[in-house]
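Data first, discussion second: the structure below is written as structure tokens.
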Amino acid sequence: MPAHSPVPRASVQELRKRPHAKVLIVGGGINGVGTFRDLALQGVDVALVERGDYCQGASGASSHMIHGGIRYLENGEFRLVRESVVERNRLLRIAPHYVKPLQTTIPIFSTFSGVLSAPLRFLTHKQQGKPKERGAFL
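Just add 951 to wherever you are in the sequence shown, counting from 1, and you've got the numbering used here.
Okay, here's the thing in structure tokens:
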């Protein structure tokens, strides 16, 4: 449903049938649907409203890649790396039918590229953008 379309009368009528819902969740993206599920499993009377189709916005545009935080290493964001690895491992354990390791190839342009600059950037916390070349060692 386009953003400028009015809310269908049937949707409003369905919502009015539940005037005593304890929780109203606005937005049916991954967070809204996940919150709805958790509350419903706990027996909470919950209603969810969505402007269009469920998970059509940012949730629907996901790459579906659980990267484990490797993208945060380049900028030295180790807390985010740890958090991502913990979540990735949890998903591998509880949902192996949805999550599986994917071999990745990283292009290497020079064997020793970054050997000096990477530790210097790490120790001084100076971010100079992405490295110009990726080396075999760094």
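In this text, a Cβ means the ideal position worked out from N, Cα and C, and glycines have one as well. Here the structure is a predicted model, which is why all the values come from computation and not from measurement.
Per-residue DSSP class, three states only, for residue i
{"i": "V995", "result": "coil"}
{"i": "L1042", "result": "helix"}
{"i": "L975", "result": "strand"}
{"i": "V1050", "result": "coil"}
{"i": "F1029", "result": "helix"}
{"i": "H955", "result": "Annotation note: pLDDT 46 at H955 (below 50); position unreliable, coordinate value reported separately. Three-state DSSP puts H955 in coil, outside helix and strand."}
Of the residues the options, the one placed nearest residue i, counting alpha carbons only
{"i": "T1055", "options": "V995, T1075, G1019 and L990", "result": "G1019"}
{"i": "P1052", "options": "T1062, R1039 and S1061", "result": "R1039"}
{"i": "A972", "options": "R988, I1021, V995 and T986", "result": "V995"}
Pair within 8 Å by beta-carbon distance, residue i and residue j
{"i": "V1032", "j": "L1043", "result": "no"}
{"i": "V1037", "j": "Y1005", "result": "no"}
{"i": "I1017", "j": "V1050", "result": "yes"}
{"i": "G980", "j": "G1003", "result": "no"}
So does the region 961–976 actually touch the region 993–1000, counting three or more Cβ pairs closer than 8 Å? Three or more beta-carbon pairs drawn from the region 961–976 and the region 993–1000 are found closer than 8 Å, and the two stretches are therefore classed as touching.
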